[in-house]
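Numbering (the numbering used here), first residue to last: 1 to 602.
Where is the CB? At the ideal position from N, CA and C, for every residue including glycine.
Please read all numbers here as calculations on a predicted model, not as lab measurements.
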RNA sequence: GCCCCCGUAGCUCAGUGGAUAGAGCGUCGGCCUCCGGAGCCGAAAGCCUGAGUUCGAGUCUCAGCGGGGGUACCA
């Protein structure tokens, strides 16, 4: 926030030390960790350690660091810097405390004039593609898909806000044995029986899949008739896959019809989550181009064609890289029957992303069980001479399981997103706050939806992506403590104060003695832009989730400790009102980056 | 076997190599004549083990132990 001021101070300190022949390492500024006062801090341990190493030896490192800090303090006090109220040298650190009236005014004015753009980064000059929200078709959207979707969307909003040109891409698996399995049972037993409702129909397809899988899976004490029956079903399914591959018009029509149901459900859910996908890649569409790549890889000697010996087309990655241990292993890039695999298609897709969309960074939001797959894909791209391979990044996240174990459609152990969302919204409505009783039915429902979905989103985003999540309904839909609604509530309280205040002051001075709660609030607000950059650069929505909670927590404390409307001094009252306005704005901005709406009432 | 991820409070999780390791849930104790109690204030309780690097390690390296995932024609 205060880049230029900070740079001026850094320059001054550097000048002083170079005059005195003390080689200073680059200064890094961090917020002073102890609350109550507002400022930045830097330490001199590294400089002292470097001295000791180079043999100058001026005593133990901590003592020497403190000595340097004191020198810097003395010198800066003799050559005052505008905006710095006072300094201290303690335990090897130099702490600079801001003149709060000027800076507070500056921060609040900046927030309020920039509004929802406060914190937005300057254009980075790079294009990022985020691939996410990609369930297979002919299945229903479950809570694991939801983690993927909300993680990808939050990440997209973060990189976009941080200044990257951002493309959201989805790559649904619309073909494969699972899809054909559903197609087979639908065709055989259920034609025309599909429900009309988009969600019911999606969930119905899932039931069909479970039933079909049961019919097609070998059981322990099968009678000979059962075995025959099962084998005949399986033959029908295989035949159907062949027909699909050959472009049989009837099978293709059936496929397109059922596929459309799934995609329609997906679009409805994405709309609910306010996710707007820019580019759709379908697995069925990258099938053909991927085979061309295989041919090229064989010609270039990267892939080995073992088909003449009845094998597949493979890439011995470790061998090609000269590695001794099994790390990337051997990857199959084409089946022995000449059909393509997931890996084959991802190679083709990567090429298209770079050549057609000219992306500078390509992020894949896919669960961590596919880590090896992406490592293989990126290495093959590298062997292929594709220089952008190093710009590919697999954002792996832990999978979502249930208290009773892994989710499994076949065992009927699945938590669907829609069911959780419905329940979340119902719980909010049951809460029945008297504050929303004067809202229209439509508004009440809309608010309930914002809060229910906010709770769900926050439950997913407040855990680091590499961690597995055991989904427990009561925990995910809690509204107390470290949750989305807690943050939304801070926003609502700010809104409530402003509504009661009536007027919104155009300006304010901060000449009163600031309460430590006010200082803490302004400190956090001023850190928002840096937090945006950090979260985006590290591809970690968690950082923004943690920030949003901190800000809400600080606001709640402020709210209890510091009177705003009841302040008698009109100048102070206006100053605090402006601070509340700024806090409300930043809470809303932070929540937006998490894909969470900030309501005015709840 | 090999590769990847994880191990922090009773439980679930935070913690850019730096000052006093922080939250939530749960437990215990306070706070509604006061801007919204989905809230606030307080208490008890913690870095898997062992080496190493470093002025300084929860954080980096190696080994061990424990848990999860992956490991040639699924996605």
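Among 61, 522, 45, 83, which has the Cα closest to the Cα of residue 9?
Residue mapping note: residue 9 aligns to position 9 of the first chain, counting from 1. Minimum Cα distance to residue 9 is reached at 83.
Which word fits residue 209, buried or exposed, when buried means at least 16 other C-beta atoms lie within 10 angstroms of its C-beta?
The residue you call residue 209 lines up with position 209 of the first chain. Under this definition residue 209 is a buried residue.
Which two residues bound the contiguous alpha helix (DSSP H) that contains residue 354?
Counting from one through the first chain, the residue named residue 354 turns up at place 354. Per DSSP, residue 354 belongs to the alpha helix (DSSP H) from 342–355.
Cβ of residue 175 within 7 Å of any heavy atom in the ligand SAH?
As presented, the structure is devoid of all ligands, the ligand SAH included, so that no description of it is given.
Where in the region 50–91 do unbroken runs of the alpha helix (DSSP H), each at least 4 residues long, occur, reported from the N-terminal end onward?
Counting whole runs of 4 or more residues, the region 50–91 contains the alpha helix (DSSP H) stretches 61–78.
What does DSSP give as the partner residues of residue 358 in its beta bridges?
Walking along the first chain from the start, residue 358 turns up at place 358. Its beta-bridge partners do not exist; DSSP assigns none.
Suppose you measure from the CA of residue 600 to the CA of residue 491; what does that come to, to the nearest Å?
In the first chain, counting from the first residue as 1, residue 600 sits at position 600. In the first chain, counting from the first residue as 1, residue 491 sits at position 491. Straight-line Cα distance between these residues: approximately 7 Å.
Report the option in 347, 340, 399 whose CA atom is closest to the CA atom of residue 369.
Here residue 369 corresponds to residue number 369 of the first chain, with the count starting at 1. For residue 369, the nearest C-alpha among the options comes from 399.
On the premise that residue 137 lies in contact with residue 263, defined as a C-beta separation below 8 Å, what is that separation, rounded to the nearest angstrom?
As a first step, residue 263 must be located in the first chain, where it is residue number 263. As a first step, residue 137 must be located in the first chain, where it is residue number 137. Between residue 137 and residue 263 the Cβ distance is about 6 Å, and since that is below 8 Å, they are a contact.
Span of the alpha helix (DSSP H) holding residue 145?
As a first step, residue 145 is located in the first chain; it is residue number 145 there, counting from the start. That run of the alpha helix (DSSP H) goes 143–161.
For residue 384, name the three-state secondary structure that DSSP assigns.
Position 384 of the first chain, counted from the start, is the residue given in the question as residue 384. Note: residue 384 maps to coil in three-state DSSP.
Which residues bound the beta strand (DSSP E) around residue 96?
On the first chain, residue 96 is found 96 positions in, with the first residue counted as 1. 93–98 is the extent of the beta strand (DSSP E) around residue 96.
Quick check on this structure: which residue in 389, 462, 468 has the alpha carbon closest to the alpha carbon of residue 481?
Reading the first chain from its first residue, position 481 is the one you call residue 481. Cα-wise, what sits closest to residue 481 is 462.
Under a three-way DSSP split, which group does residue 255 fall into?
The residue given as residue 255 occupies position 255 in the first chain. Looking at residue 255 - three-state DSSP - the assignment turns out to be helix.
Measuring CB to CB, does residue 421 end up less than 8 Å from residue 453?
In the first chain, counting from the first residue as 1, residue 421 sits at position 421. In the first chain, counting from the first residue as 1, residue 453 sits at position 453. Yes, these two residues count as a Cβ contact at 8 Å.
Are residue 158 and residue 535 touching if we call contact CB-CB under 8 Å?
In the first chain, residue 158 corresponds to position 158, counting from 1. In the first chain, residue 535 corresponds to position 535, counting from 1. Against a cut-off of 8 Å, the Cβ pair of residue 535 and residue 158 comes out as a contact.
Who pairs with residue 334 in a beta bridge, going by DSSP?
Numbered from its first residue, the first chain carries residue 334 at position 334. Looking at the DSSP assignment, residue 334 forms a beta bridge with 313, 340.
Count the other CB atoms, across all protein chains shown, that sit within 10 Å of the CB of residue 177; report buried if there are 16 or more and exposed otherwise.
By one-based count along the first chain, residue 177 stands at place 177. So residue 177 counts as exposed.
Between 507, 584, 143, 259, which has its C-alpha nearest residue 414's C-alpha?
In the first chain, residue 414 corresponds to position 414, counting from 1. Checked all of 507, 584, 143, 259; the closest Cα to residue 414 is 143.
Just how far apart, CA to CA, sit residue 102 and residue 544?
Counting from 1 along the first chain, the entry for residue 102 is found at position 102. Counting from 1 along the first chain, the entry for residue 544 is found at position 544. Distance between the alpha carbons of residue 102 and residue 544 is about 27 Å.
Reducing DSSP to helix, strand and coil, say where residue 396 ends up.
For this step, residue 396 is matched to residue 396 along the first chain. Here residue 396 sits in strand by DSSP.
Count the other C-beta atoms from every protein chain shown that fall within 10 angstroms of the C-beta of residue 147, then say buried if there are 16 or more, exposed otherwise.
Locating residue 147 in the first chain gives position 147, counting from the first residue. So residue 147 ends up on the buried side.
Based on the DSSP output, what are the partners of residue 168 in its beta bridges?
Translated into the one-based positions of the first chain, residue 168 becomes position 168. Paired residue(s): 130.
From what residue to what residue does the beta strand (DSSP E) around residue 41 run?
Residue 41 sits at position 41 when you count from the first residue of the first chain. Looking at the DSSP string, the run of the beta strand (DSSP E) that includes residue 41 is 39–43.
Quick one: Cα of residue 439 to Cα of residue 92, how far?
For the purposes of this step, residue 439 is identified with residue 439 of the first chain, where counting begins at 1. For the purposes of this step, residue 92 is identified with residue 92 of the first chain, where counting begins at 1. Approximately 57 Å between the Cα atoms of the pair.
Out of curiosity, what's the CA-to-CA distance linking residue 362 and residue 66?
Against the first chain, residue 362 aligns to sequence position 362. Against the first chain, residue 66 aligns to sequence position 66. So the two alpha carbons sit approximately 46 Å from each other.
Using the C-alpha atoms, what's the distance from residue 181 back to residue 358?
As a working mapping, residue 358 is identified with position 358 in the first chain. As a working mapping, residue 181 is identified with position 181 in the first chain. Using only the alpha carbons, I get a separation of about 37 Å.
Classify residue 507 as helix, strand or coil using the three-state DSSP reduction.
Position 507 of the first chain, counted from the first residue, corresponds to residue 507. Coil, per DSSP.
Check whether the Cβ atoms of residue 331 and residue 347 sit closer than 8 Å, and answer yes or no.
On the first chain, residue 331 is found 331 positions in, with the first residue counted as 1. On the first chain, residue 347 is found 347 positions in, with the first residue counted as 1. No, these two residues do not count as a Cβ contact at 8 Å.
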